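Undergrad:
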Amino acid sequence: MKFILLFFIVCLPNSYAEETWKIASLEWGPYAAPEIVNQGRSIQKLATLLKKANITLIVEYFPWKRAKRLVQTDSKYVGIFPAWPEDIFEGAIISPAVDWSEIAILKISDQEVIFESIDELFKKYSVGVVSTYTYPKIIEDAIKKYPHHVESALNESSLLKKLLLGRGDVAITDPNVMRYSATRAGISNINIKNLSVIMKKELVVAFSNNEENRIRLKLLTKLLQNNSAN
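Each number in our numbering comes from the position in the sequence shown (counting from 1) with 324 added on.
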């Protein structure tokens, strides 16, 4: 028994020495983007964690819906990241939080916006959302209930342009991504007002569900636990 235990202690770290994890991501600065140093805050956190187990992280960027499809159909991708737990693909298995984002109600106009609930916000105002995301249930329910008050966009850059054109009173997304999009577009002088943070959201790795990825999930979970304990 002692010999077996010693074998695992000595050999387990080396079992990952040649391993590479390839993930599919979206361009979502400042969390994930190829033009940022270390590819963004969230990618850097994941890469640093995996490096402790001698695993190399490779990130390829796609439109978000395509990223989710690729992971389901192409086995060279182990998963998607960074993702909200709700915004994954069917059958995925998810990690604990690697990083955190926010979902907030934002505006750029001087129009007064008064509401006491998400339902009332959608009932009274035109709300911009990113159509390729699956939002938390409280927001998804309002999107379905008030479709004529929803202004859809493919990403935050498009969402920002719509707000600038007056197409939407407010927008719901991560405020850091919205401000990053404004800076990249050269319009960082606009005042993106944060009306309310609806919630903080985990950013997880969503793995396709197979035996190898279940092992990877256990390893990543252990790395995250060790990291939080330090």
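For each residue, glycine too, the CB sits at the ideal point set by N, CA and C.
Here the structure is a predicted model, which means the values were calculated and not measured.
Under the rule that 16 or more other beta-carbon atoms within 10 Å means buried, what is residue 328, buried or exposed?
TA: The predicted position of residue 328 is uncertain, since its pLDDT is 40 and thus under 50; a value taken from the coordinates is nonetheless stated next. So residue 328 counts as exposed.
Undergrad: Spatial neighbours of residue 498 within its chain, please: C-beta separation below 6 Å, excluding the five flanking residues on both sides.
TA: Around residue 498: 425 and 426.
Undergrad: Less than 8 Å between the CB atoms is what I'm expecting for residue 404 and residue 349, so what's the real figure, rounded?
TA: Residue 404 to residue 349, Cβ: 7 Å. Contact.
Undergrad: Pick helix, strand or coil for residue 340, following the three-state DSSP scheme.
TA: Its pLDDT being 44, under 50, residue 340 is placed unreliably in this model, and the value from its coordinates should be taken loosely. Residue 340 falls in the helix class under three-state DSSP.
Undergrad: Spatial neighbours of residue 346 within its chain, please: CB distance less than 6 Å, with the 5 preceding and 5 following residues excluded, ordered by chain position.
TA: For residue 346, where only same-chain residues beyond five positions count, the Cβ hits under 6 Å are 382, 400 and 401.
Undergrad: Measure the alpha-carbon distance for residue 480 versus residue 379 and round it to whole angstroms.
TA: If I take the Cα positions, the gap works out to 32 Å.
Undergrad: Who are the Cβ neighbours of residue 353 in its own chain at under 8 Å, not counting the five residues just before and after it?
TA: 359, 360, 364, 501, 504, 505 and 508.
Undergrad: Does the Cβ of residue 487 have 16 or more other Cβ atoms within 10 Å, making it buried, or fewer, making it exposed?
TA: Label assigned to residue 487: buried.
Undergrad: Which whole-angstrom value is the C-beta distance of residue 410 and residue 471, which I expect to be below 8 Å?
TA: Not confirmed; about 19 Å, so no contact.
Undergrad: Going by C-alpha distance, which of 477, 431, 374 and 430 is nearest residue 387?
TA: Of the candidates 477, 431, 374 and 430, the one whose C-alpha sits nearest the C-alpha of residue 387 is 477.
Undergrad: Is it true that the CB of residue 367 sits closer than 8 Å to the CB of residue 530?
TA: The answer is no: Cβ separation not under 8 Å.
Undergrad: Where does residue 346 sit, in a helix, a strand or coil, going by DSSP?
TA: In this structure, residue 346 counts as strand in the three-state DSSP scheme.
Undergrad: Would you call the segment 432 to 447 in contact with the segment 515 to 526, where contact means no fewer than 3 C-beta pairs closer than 8 Å?
TA: Taking 8 Å as the limit for Cβ pairs, the verdict is that the segment 515 to 526 does touch the segment 432 to 447.
Undergrad: Suppose only complete runs of 3+ residues qualify. What are the beta strand (DSSP E) ranges in the segment 366 to 411, listed by chain order?
TA: Entirely contained in the segment 366 to 411, the beta strand (DSSP E) runs reaching 3 residues are, in chain order, 380 to 385 and 403 to 407.
Undergrad: Does the Cβ of residue 553 have 16 or more other Cβ atoms within 10 Å, making it buried, or fewer, making it exposed?
TA: Residue 553 should be labelled exposed.
Undergrad: Indicate the three-state DSSP secondary structure (helix, strand or coil) for residue 518 in the structure shown.
TA: It is a strand residue.
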